[in-house]
Amino acid sequence: MNELFASLCVRKLDVPVLNPPQQLPLFLSSSFSFDRIEEGVDIFTGKQEGYVYSRYGNPTIEAVTRRLEAMEGFGLDMDIQGYLTSSGMSAIHLILVSLLGQGDKVLTQANLYGGTTELLTRVMSGLGVETVFSNLNDLEQIESQLKSDPAIRVIYLETPTNPTLSCLDLKAITDLAHQYQIKTVVDNTFCTPYLQRPFAYGADFVIHSTTKYLNGHGTGIAGLVLGKDKSFMKDRFWTVLKLTGATCNPFDAWLVANGIRTLPLRMDRHSANASLLASSLADHSGVDLVNYPGLASHPSHSLASRQMSGFGGMLSFSVSGGQATAFRVMNQLKLASLAPTLGDVDTLVLHPATSSHLRIPKAIREEQGITDGLIRVSVGLEDATDLITDFHAALDCALVEK
Ligand SMILES: *Cc1c(COP(=O)(O)O)cnc(C)c1O
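Per this note's numbering, the sequence shown runs over residues 214 to 615.
Structure below.
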């Protein structure tokens, strides 16, 4: 009796799907079964399509990936192959490891996402891959570096940059890279494919931390790598992904699927709110500088207007009075939260000098505009008037306290 009960409990459950569920099913299964062993052999050897094991592929993850490929390639006549990964960082690591080996070099900018700089200088360096920093706004400098150093195999870039929102000319840089047979990898996390599609400007690979705007709700960590060389992606890249096990899990993929359905609505509102908040901050007497590409005063305004279809939800501003004033402002905010991420529905603030850019020497940091008084804002979906009121009240209060 008990033995039979145990067998009943243990036995695999079948799902009789008579008609399809309206929402994407979450396939929480590490493996997939075969009717007959011959079928298993055919799937393993690639003679027949099918699932084997979720580290190799999973229906939930693949459904989301197909949608993300279509989004990043939207309006472009390109066949794009993507893979979801366990985080934005693993996405970056995987593409670099897939493209580069001992003796190769990466050309990049100094103002990358902090984790990416550390990955390059503390992990990739150990694999014999050297990083060469450049001012990617200076095409002549890039060209002379490419000319003099044939070991440079990849240009890795981010635009707009964190946290000063300065932009790089994707078309000009990829054109130059291609003259020297160099691949370009673009981190498109801040824009999402709704605001900027780097493949349109010639990029070879696009990566994302889907943790940010694509998930959009701050509920999961995942990453994405997309490439237009389908055979490279399906062969070399997938092999590295599968064998390093940096695969996305189905639940985080499912959360991304949920997030992207409202992406255009959210990005429009993030952009509109950020634009209003940026202008209002620029008018406050306690604010020295506002970095937002939508402001006509921002150095990248005209490039951003050409390259992006909206200016996004990220901005930063600096207060007179340095770190002490910045901290007072941040502690006074009621609506905005202090949290070290971005792209969530609610407004988040961060102090780059003591968090994301803590490990960067002060002189280099300040050269890039990351001063002690700088506050980064991931502008959320609240009512814009409420947000403006919150920031102005915090600024007024902080300045009186001084
Ligand atoms: C957050 C972030 C990453 C890293 O992504 P994780 O999902 O945290 O691993 C990389 N690039 C940018 C621009 C980011 O904002």
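The beta carbon of each residue, even a glycine, is placed where N, CA and C say it ideally should be.
Since this is a predicted model, take the numbers as computed values, not measurements.
Under the DSSP definition of a beta bridge, which residues are partnered with residue i?
i: glycine 436; result: Thr298 and Ser422
i: glutamate 371; result: Asp400
i: tyrosine 266; result: Ser244
i: arginine 589; result: Ser529 and Leu563
i: serine 550; result: Leu561
i: isoleucine 573; result: Isoleucine 573 pairs with nothing; no bridge assigned.
i: isoleucine 365; result: Lys318
i: threonine 460; result: Thr298
Taking all protein chains shown into account, decide if residue i is buried (16 or more other Cβ within 10 angstroms of its Cβ) or exposed.
i: asparagine 215; result: exposed
i: glutamate 282; result: buried
i: glutamate 251; result: exposed
i: glutamine 315; result: exposed
i: glutamate 262; result: exposed
i: isoleucine 305; result: buried
i: threonine 560; result: buried
i: leucine 490; result: buried
i: leucine 389; result: buried
i: aspartate 290; result: exposed
i: glycine 593; result: buried
i: alanine 607; result: buried
i: cysteine 222; result: exposed
i: threonine 387; result: buried
i: serine 513; result: buried
i: threonine 584; result: buried
i: phenylalanine 218; result: exposed
i: leucine 226; result: exposed
Does the distance from the C-beta atom of residue i to that of residue j stay below 7 Å?
i: lysine 396; j: glutamine 294; result: no
i: threonine 273; j: leucine 239; result: yes
i: leucine 516; j: aspartate 382; result: yes
i: leucine 427; j: glycine 472; result: yes
i: phenylalanine 524; j: valine 500; result: no
i: threonine 402; j: serine 379; result: no
i: leucine 548; j: aspartate 496; result: no
i: serine 299; j: alanine 466; result: no
i: methionine 616; j: glycine 339; result: What is shown of the chain runs 214 to 615, which leaves residue 616 out entirely.
i: methionine 337; j: glutamine 409; result: no
i: phenylalanine 346; j: alanine 364; result: no
i: asparagine 271; j: proline 463; result: yes
i: glycine 177; j: glycine 507; result: Residue 177 lies beyond the stretch modelled for the chain, which goes from 214 to 615, so this question has no answer here.
i: glycine 526; j: alanine 470; result: no
Below 8 Å on the Cβ atoms is my guess for residue i versus residue j; work out the distance and round it to an integer in Å.
i: valine 562; j: leucine 551; result: 6 Å
i: leucine 333; j: valine 310; result: About 12 Å separates the two Cβ atoms, so there is no contact after all.
i: alanine 539; j: histidine 511; result: Not really, about 20 Å apart at Cβ, beyond 8 Å.
i: leucine 616; j: valine 453; result: An answer regarding residue 616 cannot be provided, because it is not within the stretch 214 to 615 covered by the chain.
i: aspartate 317; j: valine 342; result: 5 Å
i: glutamate 371; j: leucine 325; result: 6 Å
i: lysine 429; j: arginine 479; result: A quick correction: the sequence has glycine, not lysine, at residue 429. Going by Cβ atoms, the distance from glycine 429 to arginine 479 rounds to 6 Å, so yes, they are a contact pair.
i: glycine 582; j: threonine 321; result: At roughly 18 Å, the Cβ-Cβ gap does not stay under 8 Å, so glycine 582 and threonine 321 are not in contact.
i: serine 267; j: serine 243; result: 5 Å
On the DSSP letters alone, give me the boundaries of the alpha helix (DSSP H) that residue i sits inside.
i: lysine 384; result: 383-392
i: lysine 455; result: 451-457
i: valine 277; result: 272-285
i: threonine 538; result: 535-545
i: glutamine 322; result: Element bounds for glutamine 322: not the alpha helix (DSSP H) but the beta strand (DSSP E), 318-322.
i: serine 522; result: Looking at the DSSP string, serine 522 is not in any alpha helix (DSSP H), and its letter there is neither H nor E.
i: methionine 480; result: 476-495
i: proline 406; result: 405-408
Any heavy atom of ligand 2 within a distance shorter than 6 Å of the CB on residue i?
i: threonine 460; result: This structure lacks ligand 2; the ligands present are ligand 1.
Along the chain, where does the beta strand (DSSP E) containing residue i start, and where does it finish?
i: phenylalanine 346; result: 343-347
i: aspartate 448; result: Where aspartate 448 is concerned, there is no enclosing beta strand (DSSP E), given that its DSSP letter is neither H nor E.
i: valine 230; result: From DSSP, valine 230 is part of no beta strand (DSSP E); its letter is neither H nor E.
i: aspartate 501; result: 500-504
Please tell me whether residue i has its Cβ less than 7 Å away from any Cβ of chain D.
i: glycine 263; result: Among the chains in the structure shown there is no chain D, since it carries only a single protein chain.
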